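Residue numbers (UniProt numbering): 1 to 366.
Built from N, CA and C at the ideal position, the CB exists for glycine as well.
Quick caveat, the model's predicted, so the values are computed rather than measured.
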């Protein structure tokens, strides 16, 4: 009888026998991976234990494959055979039939073709899953088939308009653009949604007031207009003949407003900032200060006060595009470029500034 201890069966570590499945096109073939997984289960003695087998299968999913797994229904995730069938449908032979450069790009297009709205930001978890899905599909597209820059434009135009002001200038690569969105904290998304809801309440209230005024006007029940203020508002006096039917004692004096002089915009220093982190910080502070000083200004900033201009843009009135603040193209061609659209107030300010410059030049030539 041998006194030597029995030799224990060696266990095999998960990562040493079978790699995790990422779902990338550069990953191992799905069918081959599944065969390796079956061998792994036999080696571990869990082939006849569906619950443990299911647990190991889920643990080996990572990156986009884990995102795919989270989207499956509870019934599918609770049954290994159903989950295996869904896995092969997503990553196996059924998918390979249509796995071409054109179909990969079509998958990406289908994901970003419908513009997102503020409503999509309410569920931050679902929003982040969408971002992960976009990035996964974009990495599968061959850049020789379609440029990465064009895919970035498609993704950027699908983002909610209220979110763009928090992202800055559009990056040149799709991965940078998606990661820029993924890096935003949840509080930013909550702030965007809250701002949208507040504006919606104001809009609803204004619509209600408009309906009330229209009903009063239709019934002829509008309150009388207050009488014009009688005190003089200006110091300039000019003689005016007596109206007919007066006592004829001579001319009376009529209050006249002073003549308004055109604004010489060239003498107003503009608020411009460099396209760097410090410049963007200073721009946000200047914009916040401007809005506090001009709370009634929304879309038509006055030319008498310099409006904060987006970092990296050109000086107004120098032939720049009013939509993006850059040179080299005209406004009507700007949407086909990669340039970021400025907020509507700055676009209007640049347009009025250029018109004022043209008027001053025209007066100088007379």
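Report yes if the CB atom of residue 159 is closer than 9 angstroms to the CB atom of residue 116, and no otherwise.
-> As a first step, residue 159 must be located in the chain shown, where it is residue number 159. As a first step, residue 116 must be located in the chain shown, where it is residue number 116. Yes, Cβ-Cβ distance for residue 159 and residue 116 is below 9 angstroms.
Practice prompt. With a 10 Å radius around its C-beta and 16 neighbouring C-beta atoms as the bar for buried, classify residue 292 as buried or exposed.
Written response: Start at 1 with the first residue of the chain shown, and residue 292 comes out as number 292. Residue 292 is exposed by the Cβ-count criterion.
- Message: Pull the bridge partners of residue 61 from the DSSP assignment, please.
- Response: In the chain shown, counting from the first residue as 1, residue 61 sits at position 61. Residue 61 is bridged to 21.
Element boundaries [alpha helix (DSSP H), containing residue 291] | On the chain shown, residue 291 is found 291 positions in, with the first residue counted as 1. Looking at the DSSP string, the run of the alpha helix (DSSP H) that includes residue 291 is 277-293.
Q: Mind reading off the beta-carbon distance from residue 108 to residue 170? Whole number of angstroms is fine, and I expect it under 8 angstroms.
A: Walking along the chain shown from the start, residue 108 turns up at place 108. Walking along the chain shown from the start, residue 170 turns up at place 170. Between the beta-carbon of residue 108 and that of residue 170 there is about 17 angstroms, and that puts the pair past the 8 angstroms contact cut.
Which value, in whole angstroms, describes the spacing of the CA atoms of residue 327 and residue 335? Against the chain shown, residue 327 aligns to sequence position 327. Against the chain shown, residue 335 aligns to sequence position 335. CA-CA distance, residue 327 to residue 335, rounds to 14 angstroms.
| task | Look at the Cβ atom of residue 299, then the Cβ atom of residue 325, and state whether they are nearer than 9 angstroms. | result | Working through the chain shown from its first residue, we reach residue 299 at position 299. Working through the chain shown from its first residue, we reach residue 325 at position 325. No, the pair does not count as a contact, with Cβ atoms beyond the cut-off.
Go ahead and pull the three-state DSSP assignment for residue 212. Along the chain shown, read from residue 1 onward, the residue named residue 212 stands at position 212. Note: residue 212 maps to helix in three-state DSSP.
_Excluding the 5 residues flanking residue 154 on each side, which residues of the same chain have their C-beta closer than 6 angstroms to its C-beta?_
Taking the chain shown and counting its residues from 1, the one referred to as residue 154 is at position 154. So the qualifying residues of the chain are 112.
Q) Is the beta carbon of residue 92 sitting closer than 9 angstroms to the one on residue 63? A) The residue given as residue 92 occupies position 92 in the chain shown. The residue given as residue 63 occupies position 63 in the chain shown. No, the Cβ-Cβ distance between residue 92 and residue 63 is not below 9 angstroms.
Would you check if the distance between the CB atom of residue 346 and the CB atom of residue 307 is smaller than 9 angstroms? Along the chain shown, read from residue 1 onward, the residue named residue 346 stands at position 346. Along the chain shown, read from residue 1 onward, the residue named residue 307 stands at position 307. Taking 9 angstroms as the Cβ cut-off, residue 346 and residue 307 qualify as a contacting pair.
Self-check item: Three-state class that DSSP yields for residue 72 in the structure shown
Solution: As a first step, residue 72 is located in the chain shown; it is residue number 72 there, counting from the start. The three-state reading of DSSP puts residue 72 in coil, since its state is none of H, G, I, E or B.
- Item | Rounded C-alpha distance that separates residue 52 from residue 89 | Locating residue 52 in the chain shown gives position 52, where the first residue counts as 1. Locating residue 89 in the chain shown gives position 89, where the first residue counts as 1. Those two C-alpha atoms are separated by around 23 angstroms.
Check whether the Cβ atoms of residue 329 and residue 321 sit closer than 9 angstroms, and answer yes or no. Reading the chain shown from its first residue, position 329 is the one you call residue 329. Reading the chain shown from its first residue, position 321 is the one you call residue 321. At the C-beta level, residue 329 and residue 321 come within 9 angstroms of one another.
Exercise. Taking the C-alpha atoms as reference points, what is the distance between residue 312 and residue 277?
Worked result: Sequence index remark: in the chain shown, residue 312 carries index 312 (1-based). Sequence index remark: in the chain shown, residue 277 carries index 277 (1-based). Per the coordinates, the alpha-carbon of residue 312 lies some 11 angstroms from the alpha-carbon of residue 277.
**Q.** Beta-carbon proximity check, residue 189 vs residue 127, cutoff 9 angstroms
**A.** Here residue 189 refers to the residue found at position 189 of the chain shown. Here residue 127 refers to the residue found at position 127 of the chain shown. By the CB criterion at 9 angstroms, residue 189 and residue 127 fall inside the cutoff.
Requested in this report: Could you name the residues of the same chain whose beta carbon sits closer than 7 angstroms to that of residue 146, not counting the 5 residues immediately before and after it, in chain order?
Outcome: Position 146 of the chain shown, counted from the first residue, corresponds to residue 146. Cβ neighbours of residue 146 within its own chain (closer than 7 angstroms, five residues either side excluded): 105.
Worksheet item: In this structure, does DSSP put residue 50 in helix, strand or coil?
Response: Against the chain shown, residue 50 aligns to sequence position 50. Secondary structure of residue 50 (DSSP, three-state): helix.
Express the C-alpha separation of residue 358 and residue 183 in angstroms, rounding to a whole number. Here residue 183 refers to the residue found at position 183 when the chain shown is read from its first residue. Here residue 358 refers to the residue found at position 358 when the chain shown is read from its first residue. Approximately 44 angstroms, taken between the alpha carbons.
Just the Cα atoms here: how many angstroms apart are residue 164 and residue 319?
Residue 164 sits at position 164 when you count from the first residue of the chain shown. Residue 319 sits at position 319 when you count from the first residue of the chain shown. Cα to Cα, the separation comes out at about 25 angstroms.
query = Alpha carbon to alpha carbon, how far is residue 67 from residue 197?
reply = Locating residue 67 in the chain shown gives position 67, where the first residue counts as 1. Locating residue 197 in the chain shown gives position 197, where the first residue counts as 1. Rounded to whole angstroms, residue 67 to residue 197 spans 30 angstroms at the Cα level.
Discussion item. Quick check on the burial criterion: 16 or more other C-beta atoms within 10 angstroms. Buried or exposed for residue 212?
Written reply: Within the chain shown, numbered from 1, the residue matching residue 212 stands at position 212. Around the beta-carbon of residue 212, fewer than 16 other beta-carbon atoms lie within 10 Å, marking it exposed.
Whole angstroms are fine: how far does the CA of residue 81 sit from the CA of residue 43? Looking up residue 43 in the chain shown gives position 43. Looking up residue 81 in the chain shown gives position 81. For residue 43 and residue 81, the distance between alpha carbons rounds to 19 angstroms.
How should residue 137 be labelled, buried or exposed, when 16 other C-beta atoms within 10 angstroms of its C-beta is the threshold for buried? Position 137 of the chain shown, counting from 1, holds the residue named residue 137. Within a 10 Å sphere around the beta-carbon of residue 137 sit 16 or more other beta-carbons, which makes this residue buried.
### Task
Taking residue 143 as the reference, give the member of 124, 162, 125 and 101 with the closest Cα.
Within the chain shown, the letter at position 143 stands for residue 143. Checked all of 124, 162, 125 and 101; the closest Cα to residue 143 is 101.
Span of the alpha helix (DSSP H) around residue 314:
Sequence index remark: in the chain shown, residue 314 carries index 314 (1-based). Counting along the chain, residue 314 sits inside no alpha helix (DSSP H), nor does DSSP assign it H or E at all.
Count the other CB atoms, across all protein chains shown, that sit within 10 Å of the CB of residue 133; report buried if there are 16 or more and exposed otherwise. Locating residue 133 in the chain shown gives position 133, counting from the first residue. Classification for residue 133: buried.
**Asked** Just how far apart, CA to CA, sit residue 76 and residue 86?
**Response** Numbered from 1 along the chain shown, position 76 holds the residue referred to as residue 76. Numbered from 1 along the chain shown, position 86 holds the residue referred to as residue 86. Between residue 76 and residue 86, the alpha-carbon positions lie close to 8 angstroms from each other.
Fill in: residue 334: first and last residue of the uninterrupted alpha helix (DSSP H) it sits in
Position 334 of the chain shown, counting from 1, holds the residue named residue 334. In this chain, residue 334 is not harboured by any alpha helix (DSSP H), its DSSP state being neither H nor E.
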